[in-house]
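Protein chains: 2
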Amino acid sequence: MVSSTKGRYALRVLIDIAENSHGEYIAMKDVAARQEISLKYMEKIMPVLVSHDLVESSHGKGGGYRLSHDPSEYRVGEILRLTEGDIAPVACLQTDAAECGRNAYCRTLPMWTELNRRISEYLDSVTIADLMQAPDMKQPPVTE
Amino acid sequence: MVSSTKGRYALRVLIDIAENSHGEYIAMKDVAARQEISLKYMEKIMPVLVSHDLVESSHGKGGGYRLSHDPSEYRVGEILRLTEGDIAPVACLQTDAAECGRNAYCRTLPMWTELNRRISEYLDSVTIADLMQAPDMKQPPVTE
DNA sequence: TATTCTACCTACCAAAGTGGTAGGTTAATT
DNA sequence: AATTAACCTACCACTTTGGTAGGTAGAATA
């Protein structure tokens, strides 16, 4: 699996902030309701985005999160790498992977490397701006 | 992770059979030694390949496995789908996935769908024949 | 100053998946 | 009959996933 809920939720939250906060801070309570994601679970994902300066936070009333940059500057691959740790399709290509020892004569390594390259290339070609509300898309219902 | 050891081992075993058995049955003991894979673990993977007619087996002395078809007829995507169950990069695209309910307004679904398409397209474009020993490749050492 | 709202931090946890091991049974060959 | 090798079933330790619970810290407002 390239992406677990962690990375996917992070993406959806960023898109939600991009669409609904207009430069203002937006409370996670609202995002969680719209995205139907557990608030508590989201709270575990957000600090990662803060520490890498993807979003800025403010405590207290009227606080919440807002984007640090323009939506067009957020590459999906980058977001997934931060939240998932790695997006390599196989264990032996992960950045923390131990040397296999069989690399010199591994028949499949070149294929995995090429697959990895194609996945990264595609995910890095898509930005948050690309994923924002298309004209023909409905807004999600606000379920309280 | 698109592929766990199950799928990767299946691939390596099929390539090993393609390279080393020449139409003859080949014992898993030998493949396991060359590929440095636990024989017992391999034994759990092989029956899947038999039941889908990728390989044929024979019991007893001089028995083992051999390919049912020409190496060029084995697509990597097909092998991974059999052994992994699914190669979708995200849970909501798996064949057994429950309807999300948010699909109509999910901003990320089209991207995941396209990523899934690209992964499948690439993996289905590679065959076992493509992965067999290149001229500049060493044979793995036979570790007893 | 007290209250309220919100981010943030820590600990815990159930379920599923991963990557095996162990031991025995069946079938084919010598 | 003995040997060899596939095959079947059960078990298991470890990690990841996807959370929940409860409390703390900081900022705004009344």
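Residue numbers (our numbering), protein chains in the order written: chain G, 1 to 144; chain V, 1001 to 1144.
Beta carbons are placed, not taken as given, at the ideal position from N, Cα and C, and that holds for glycine.
Helix, strand or coil at residue i [DSSP, three-state]
{"i": "V:L1115", "result": "helix"}
{"i": "G:I15", "result": "helix"}
{"i": "G:V31", "result": "helix"}
{"i": "G:V55", "result": "strand"}
{"i": "G:I26", "result": "strand"}
{"i": "G:C92", "result": "helix"}
{"i": "G:I87", "result": "coil"}
{"i": "V:V1050", "result": "helix"}
{"i": "G:T108", "result": "coil"}
{"i": "V:R1102", "result": "coil"}
Beta-carbon contacts of residue i that lie in its chain and below 6 Å, excluding the five residues immediately before and after
{"i": "G:P46", "result": "The question names Pro, but residue 46 of chain G is Met in the sequence shown. Nothing meets the Cβ criterion."}
{"i": "G:C92", "result": "C100"}
{"i": "G:V13", "result": "V31"}
{"i": "G:S120", "result": "G77"}
CB of residue i within 7 Å of CB of residue j, strictly
{"i": "G:V48", "j": "G:L67", "result": "no"}
{"i": "V:T1108", "j": "G:L11", "result": "yes"}
{"i": "G:S3", "j": "V:V1002", "result": "no"}
{"i": "V:Y1025", "j": "V:G1063", "result": "yes"}
{"i": "G:L123", "j": "G:V50", "result": "no"}
Span of the alpha helix (DSSP H), counted from its first residue to its last, around residue i
{"i": "V:G1077", "result": "V1076 to E1084"}
{"i": "V:I1128", "result": "I1128 to L1131"}
Beta-carbon proximity list for residue i, same chain, < 7 Å, skipping 5 on both sides
{"i": "V:P1071", "result": "A1018, T1127, I1128, A1129 and M1132"}
{"i": "G:H52", "result": "L82"}
{"i": "G:A84", "result": "The sequence given here places Glu at residue 84 of chain G; Ala does not occur at that position. S3, S4, K6 and G7."}
{"i": "G:R9", "result": "Checking the displayed sequence, the identity of residue 9 of chain G turns out to be Tyr instead of Arg. I37, M42 and I45."}
{"i": "G:N103", "result": "L109"}
{"i": "V:G1023", "result": "R1066"}
Bounding residues of the beta strand (DSSP E) (the contiguous stretch that carries residue i)
{"i": "G:L67", "result": "G64 to L67"}
Near the ligand NAP: residue i beta-carbon under 6 Å from a heavy atom
{"i": "G:C106", "result": "In the structure shown, the ligand NAP is absent, as is every other ligand, since no ligand is present at all."}
Beta-carbon contacts of residue i that lie in its chain and below 8 Å, excluding the five residues immediately before and after
{"i": "V:K1029", "result": "L1039"}
{"i": "G:E144", "result": "Summary for G:E144: the model assigns pLDDT 38, below 50, so the residue's position carries little reliability; its value from the coordinates is reported in the next sentence. Here the set comprises A33."}
> Using Cβ-Cβ distances below 8 Å, what residues of the region 115-127 of chain G are close to chain V?
Replying inline: L115, R118, I119, Y122, L123 and V126
>> Taking beta-carbon pairs under 9 Å, can you tell me which members of the region 1013-1036 of chain V lie near chain G?
In response: Residues are counted here when their Cβ sits less than 9 Å from a Cβ of chain G; for the region 1013-1036 of chain V these are I1015, D1016, E1019, Q1035 and E1036, given in chain order.
> Relative to chain G, which residues along the region 1099-1111 of chain V have a C-beta separation below 9 Å, given in chain order?
Replying inline: Listed by position along the chain: G1101, R1102, A1104, Y1105, C1106, R1107, T1108, P1110 and M1111.
>> Residues of the region 1065-1085 of chain V in Cβ contact with chain G at a cutoff of 9 Å, in chain order, please.
In response: V1076
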